[in-house]
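Engineer:
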Amino acid sequence: GESVGLHLPTLSVQEGDNSIINCAYSNSASDYFIWYKQESGKGPQFIIDIRSNMDKRQGQRVTVLLNKTVKHLSLQIAATQPGDSAVYFCAENADAGNNRKLIWGLGTSLAVNP
Amino acid sequence: GAVVSQHPSRVICKSGTSVKIECRSLDFQATTMFWYRQFPKKSLMLMATSNEGSKATYEQGVEKDKFLINHASLTLSTLTVTSAHPEDSSFYICSARGGEREQFFGPGTRLTVL
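Note that the protein sequences, when read in sequence, are chains A and B.
Reminder that position 91 of the first sequence reads as 406 in my numbering, one-by-one numbering, no gaps.
Reminder that position 74 of the second sequence reads as 85 in my numbering, one-by-one numbering, no gaps.
#1: Closer than 9 Å, Cβ to Cβ, to anything on chain A: give me those residues from the region 40–60 of chain B, in chain order.
#2: Please report the residue range of the beta strand (DSSP E) in which M58 of chain B lies.
#3: Can you grab the Cα-Cα spacing for the pair W419 of chain A / A406 of chain A, in whole Å?
#4: In three-state DSSP terms, what is D399 of chain A?
#5: Out of B:F50, B:T68, B:R35, state which residue places its alpha-carbon closest to the alpha-carbon of G109 of chain B.
#6: Could you tell me which residues DSSP puts in a beta bridge with D364 of chain A?
#7: Please list, in chain order, all residues of the same chain as H18 of chain B whose beta carbon is under 6 Å from its beta carbon, the five residues on each side excluded.
#8: By Cβ distance below 6 Å, which residues in the same chain neighbour K515 of chain A in space, the five residues on each side in sequence not counted?
#9: Who are the neighbours of G358 of chain A on chain B, taking C-beta pairs under 7 Å?
#10: Let me know if L390 of chain A comes out buried or exposed under the rule of 16 or more other beta-carbons within 10 Å of its beta-carbon.
In structure tokens form, the structure reads like this:
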């Protein structure tokens, strides 16, 4: 689901299905993008990243796709497991002078049904 | 990945008291540390960026006299919430970067002000 508005969008999937989480980013000059997973009461955990000179990158069970034309990022999780239930954030790395900082998306809550 | 710790993990204090939160990079030297605040079911909000040995750069709307940040060494940054009030209750998360693009996040500190 798209991260829009003030409400945390929720994506509900069946265990074993593939999940696709979408994100629209704002800065066309951003050159580095990251997906984070955050479980309840914990800090964000790095999942996968991609640089702007790529359009696809694969990790273990995860794939990130980058479409710079429409400023869109997606995270695909294969064979989703109950342990994948969490909030997923995309972040773009923007250069603010000497301090590169992350600009965060609103997040998508993934619920995996057994 | 690199390890970042935060202490305490949760703190409850009375209104008007000051609370210090520590953020440590355990196995790498962090030239830059970031402090975030997160409300329930919301994204991370960057409060300030601190570079070792220099003053922190605060985001717009964040009171620097209210949220004191000290980055005295390459492995330690502290956030002090001065004269805390109930509206300061939140989840505070730090992250550290050692020079590459990736930020490593701490587990967060839950602050409750009574």
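Glycine included, C-beta positions come from ideal geometry on N, C-alpha and C.
These numbers were taken from a predicted model, which means no experiment stands behind them.
Structural biologist: In short, the structure shows the following:
#1: T43, F45, Y47, Q49, K52, K53, S54, L55, M56, L57, T60
#2: The residue labelled residue 58 of chain B in the question sits at position 47 within the second sequence. Taken as a continuous stretch (DSSP letters only), the beta strand (DSSP E) holding M58 of chain B covers 55–62.
#3: As a first step, residue 419 of chain A must be located in the first sequence, where it is residue number 104. As a first step, residue 406 of chain A must be located in the first sequence, where it is residue number 91. Each residue's Cα considered, the two are about 4 Å apart.
#4: The sequence position of residue 399 of chain A within the first sequence is 84, counting from 1. Helix at D399 of chain A.
#5: As a first step, residue 109 of chain B is located in the second sequence; it is residue number 98 there, counting from the start. When each option's Cα is compared against that of G109 of chain B, the closest is B:R35.
#6: Taking the first residue of the first sequence as 1, we reach residue 364 of chain A at position 49. BP columns for D364 of chain A point to A:I349.
#7: The residue you call residue 18 of chain B lines up with position 7 of the second sequence. These residues qualify, in order along the chain: E33.
#8: As displayed, chain A neither begins before 316 nor continues past 429, which places residue 515 of chain A out of reach and without an answer.
#9: To locate residue 358 of chain A, count along the first sequence from 1; it is residue 43. Residues of chain B passing the Cβ test: I104, F116, G117, P118, G119.
#10: Residue mapping note: residue 390 of chain A aligns to position 75 of the first sequence, counting from 1. Per the 10 Å Cβ criterion, buried.
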